[in-house]
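Everything on this sheet refers to the single structure shown next.
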Amino acid sequence: MRFYISRLLALLLLISTAIYMTAYTEPLFFNDKVDKAIIKAFIKDSIPVEIDLIYDNDSLPDQYYSYIETPVCEKGICYDLKVHLYWDLLGNFVNYKEVASDPFTKYEHELFTAEDHSKLRKILADKTSPLANYNPEDLVDKSKTLYSPLIDAVVGATYPALKSSVVPGAVYSTHTLWNIVNGTLADKIKAYTIAHSNEAVLLKMAHSSSKDLQLYALRNLDTASTSYPKVLIQLVKDGIDYVPYFAIAKITQEMWLDASLQNELISLLATTDFEMQNEILNGLSATQLSASNTAVLLDQYISLEESQYKKLTSILKNNIAHFSHKEIKTLQKIAAETNNTFAHFANELLKSKTE
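Residue numbers (the working numbering): 8 to 362.
Quick look at the structure:
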């Protein structure tokens, strides 16, 4: 019996040791497919790092992961910074996760607050941070010092102009992490993706919630692909920031002739902003509408500003031959409404129809 108990205890010790070691070296995800160590590099010139590629449930590349362990030194006092890091397919910061046994700390060995973590994630996601232009020792004003009993030394205070670029009390850690996240590793990740991407990966990028991924897909998708027009429409509808404007600019004259594409963009007039409405109207003004889309466009006048009525009327005039009895009745009704700001333009269209 003692033999079995000792064997059991040894096994439990082995398992607990494995779990402890795994906490340092394994990514915090559970996925069927991971390509291990597809990128090997060095940080701080001599610390080896391996980067894994994580796949999604459709077996498409999803994000990159690396476990980082690096010293951070201040005033001759060093400690190990341990962290799980994640990047997107173009090497942009996605997230980090602490090692449970070695959480992030700041001045006086205080644990990071939720606000500190939020600020650090925002800093790491900013590739234009001024941290790129400073050495760690240049971030603190040595003429203004604080005494730290924890390290029994005098430490410098952060320059006021740089306070928004670092986590208070964790200047050196912030600088170290930012340069790891946005330095050579990010460049190698982007290069690897570019070298191994295909249409499926580009389509995944186009449907992501990242402006950078969307733009990369928009610029690199094969324009001859059958998926290309659908991607343009999707990015006009759901693109982040200014992506919709780049997408609509890529719609060719031939694409504008497609009745299905016309319908989707005309329908978008009801929900999109003033600037995109103008882009859609400009595109429609240079093409011939289908009969059904002419009717749909007329109904959209209520979604537009009065300053856009002239452009709308011009488009409808160019397609006046498509007006059925139903559209004529609609125009007559609008023209009779004295408080309707489109009434004048409705009369203009009715006259054009009878000429």
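Note that CB positions come from ideal geometry on N, CA and C, so glycine has one too.
Keep in mind it's a predicted model, so treat the numbers as computed, not measured.
Exercise. Where do the ends of the alpha helix (DSSP H) carrying L236 lie?
Worked result: It should be noted that the sequence gives Pro, not Leu, for residue 236. Note, P236: alpha helix (DSSP H), Y235 to D245.
Exercise. Which residues in the same chain have their Cβ closer than 7 Å to the Cβ of D63, if we skip the five residues on either side of it in sequence?
Worked result: D69
Problem set entry | Three-state class that DSSP yields for Y249 in the structure shown | coil
Exercise. Hey, is the segment 128-140 in contact with the segment 182-192, meaning 3+ C-beta pairs nearer than 8 Å?
Worked result: yes
Exercise. Can you tell me whether DSSP reads K126 as helix, strand or coil?
Worked result: helix
Problem set entry | Cβ-Cβ distance between K257 and L239 below 7 Å | yes
For this session: Could you check if T259 is buried or exposed, using at least 16 other CB atoms within 10 Å of its CB as the buried criterion?
Result: exposed
Exercise. Out of curiosity, what's the CA-to-CA distance linking L268 and V41?
Worked result: 39 Å
For this session: Take the Cβ of K129 as the centre, count every other Cβ of all protein chains shown within 10 Å, and call the residue buried at 16 or more, exposed below.
Result: exposed
Exercise. What residues match up with L92 in a beta bridge as DSSP calls it?
Worked result: S73 and Y103
Problem set entry | Buried or exposed by the 16-neighbour rule on C-beta atoms within 10 Å, applied to K126 | buried
For this session: Quick one: residues in its chain with C-beta nearer than 7 Å to the C-beta of A342, no 5 flanking neighbours on either side, listed in chain order?
Result: A350, A353, N354 and L357
For this session: Would you identify the three-state DSSP class for A44, choosing helix, strand or coil?
Result: strand
Exercise. Where does T112 fall in DSSP's three states?
Worked result: strand
Problem set entry | Per DSSP, cross-strand counterpart(s) of F87 | Per the sequence presented here, residue 87 reads as Asp, with Phe not at that position. P78.
Exercise. Among K324, A193, Y179 and I322, which residue has its Cα nearest to the Cα of I84?
Worked result: Y179
Problem set entry | Whole-angstrom C-beta distance between K318 and S297, which should lie under 8 Å | At roughly 19 Å, the Cβ-Cβ gap does not stay under 8 Å, so S297 and K318 are not in contact.
For this session: Check whether the Cβ atoms of M212 and P236 lie closer than 7 Å to each other.
Result: no
For this session: Find the nearest neighbour of N205 within the set A224, I50, Y316 and K195, judged by alpha-carbon distance.
Result: A224
Exercise. When the Cα atoms are used, what is the spatial distance from Y154 to I75?
Worked result: Reliability of the predicted coordinates at Y154 is poor, the pLDDT of 44 falling under 50, and the value obtained from them is presented with this limitation in mind. Rounded to whole angstroms, Y154 to I75 spans 30 Å at the Cα level.
Exercise. Would DSSP call E57 helix, strand or coil?
Worked result: strand
Exercise. K324: buried (16+ other C-beta within 10 angstroms of its C-beta) or exposed?
Worked result: exposed
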